[in-house]
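A short write-up of the structure that comes next.
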Amino acid sequence: MMTIKPAEEIKEELLSNKQTIRNFPKSLAFPFNKLYLEIVTQIKTTEISSECTLLDSVEAVNETKSFSDRNYWAENYTAEAIAQFWIFGRNGQGDLWLFDPDNKIYFYDHNKEQMCKENFTELNLNFEKWLQFANLNSQLDNMYNDENEINEKKKKEYKNKLAELSTELSTNYPFGI
Numbered sequence: 006m007m008t009i010k011p012a013e014e015i016k017e018e019l020l021s022n023k024q025t026i027r028n029f030p031k032s033l034a035f036p037f038n039k040l041y042l043e044i045v046t047q048i049k050t051t052e053i054s055s056e057c058t059l060l061d062s063v064e065a066v067n068e069t070k071s072f073s074d075r076n077y078w079a080e081n082y083t084a085e086a087i088a089q090f091w092i093f094g095r096n097g098q099g100d101l102w103l104f105d106p107d108n109k110i111y112f113y114d115h116n117k118e119q120m121c122k123e124n125f126t127e128l129n130l131n132f133e134k135w136l137q138f139a140n141l142n143s144q145l146d147n148m149y150n151d152e153n154e155i156n157e158k159k160k161k162e163y164k165n166k167l168a169e170l171s172t173e174l175s176t177n178y179p180f181g182i
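Quick note: to get the working numbering, add 5 to the position in the sequence shown (first position is 1).
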C-alpha cells in the first residue's frame, strides 16, 4: 500500500547520512524555503526516485548559475526574470525541477527547448509536497523493481495519492505511468 509520508520523516531519512554543512554563498539573496535549506546544506546530491534527484547546495548553485546564461532562456527574459527561478533538482533525462521565490515548484522538460515560465509545468506543489511526491515515486519505483510491472490497481492507487498531494499534479503529471 502506498503512503504519503510526512515531509519531516523524509527529511530525517535524507539527513541520516549527514555531510559537513555547506551553506550557500552569502551573496545569494534567493528567499529559500526553510525545509529546503535544512536539507540541502547537509546532504550530497541524492536520488530520491528515478524522476527526482535533489541537488546538494553546491551543485544547486552551480546548476542554477550555468542555466542563468540568457542563451538558455526565451529572448525576452531579463537577468532579473531569470533570477526568479532556482534549480534544485533533476531527473535522468535532463529535465529540471525549479522553484520560485513563492516556493512554487515547476517541472521543466528539456524537450521544450528554451526555458521560460510558459515552458514550465506548474504542479501546485511546494517543496514539502515535492519531497512527498518524490517519496511516492520511490515507492512506485520499488514496486516496479519487485514486480517488473505496475498493474492497473497500483496505477490507480498511485494516481489517487497524486491527487491527494495536488489536483494539478494528477492532471499535469509530467511522466508516463
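Glycine included, each C-beta is placed from N, C-alpha and C at the ideal position.
Given that a residue counts as buried once 16 or more other Cβ atoms are within 10 Å of its Cβ, and exposed if not, what is residue i?
| i | result |
| --- | --- |
| Asp61 | buried |
| Gln229 | Beyond the ends of the chain as shown, which are 6 and 182, falls residue 229; an answer cannot be given. |
| Gly94 | buried |
| Glu68 | buried |
| Gln144 | buried |
| Phe90 | buried |
| Lys134 | buried |
| Phe125 | buried |
| Asn28 | exposed |
| Asn108 | buried |
| Ile260 | No answer is possible for residue 260: the residues shown for the chain start at 6 and end at 182. |
| Ala65 | buried |
Between the Cα of residue i and the Cα atoms of the options, which residue gives the shortest distance?
| i | options | result |
| --- | --- | --- |
| Gln24 | Ile48, Lys109, Asn38 | Ile48 |
| Phe112 | Val63, Thr58, Glu17, Asn67 | Thr58 |
| Ile26 | Phe37, Asp151, Leu42, Leu33 | Leu42 |
| Leu101 | Ala84, Met120, Ala86, Ser32 | Met120 |
| Ile110 | Glu118, Glu127, Asn116, Lys122 | Glu127 |
| Lys117 | Ala86, Asn108, Trp78 | Trp78 |
| Asn96 | Asp105, Glu18, His115 | His115 |
| Asn131 | Asn38, Met7, Pro11, Thr176 | Asn38 |
| Leu19 | Lys31, Thr46, Glu123 | Thr46 |
| Ser21 | Ile44, Pro36, Pro30, Pro11 | Ile44 |
| Pro106 | Phe35, Thr176, Asn76 | Phe35 |
Please find out if some non-hydrogen atom of the ligand NAD comes closer than 7 Å to the beta-carbon of residue i.
| i | result |
| --- | --- |
| Phe29 | In the structure shown, the ligand NAD is absent, as is every other ligand, since no ligand is present at all. |
In three-state DSSP terms, what is residue i?
| i | result |
| --- | --- |
| Tyr113 | strand |
| Thr126 | strand |
| Thr46 | coil |
| Ser32 | coil |
| Glu56 | coil |
| Ile26 | coil |
| Thr83 | coil |
| Thr8 | coil |
| Ile92 | strand |
Who are the Cβ neighbours of residue i in its own chain at under 6 Å, not counting the five residues just before and after it?
| i | result |
| --- | --- |
| Asn129 | Ser171, Glu173 |
| Ser54 | Ala139, Asn142, Ser143, Asp146 |
By Cβ distance, which residues of its chain are closer than 7 Å to residue i, with the 5 residues on each side in sequence left out?
| i | result |
| --- | --- |
| Ile9 | Gln137, Leu141, Lys166, Glu169, Leu170 |
| Lys159 | Met148 |
| Glu52 | Thr58 |
| Phe180 | Glu56 |
Any beta carbon of chain C sitting closer than 8 Å to that of residue i?
| i | result |
| --- | --- |
| Asn153 | In the structure shown, chain C does not exist; there is a single protein chain. |
Taking 8 Å as the limit between beta carbons, can you name the residues of its chain near residue i, skipping five residues before and five after?
| i | result |
| --- | --- |
| Met6 | Glu162 |
Requested in this report: Within the region 125-158, note down every full beta strand (DSSP E) run reaching 3 residues or more, in order along the chain.
Outcome: 125-127
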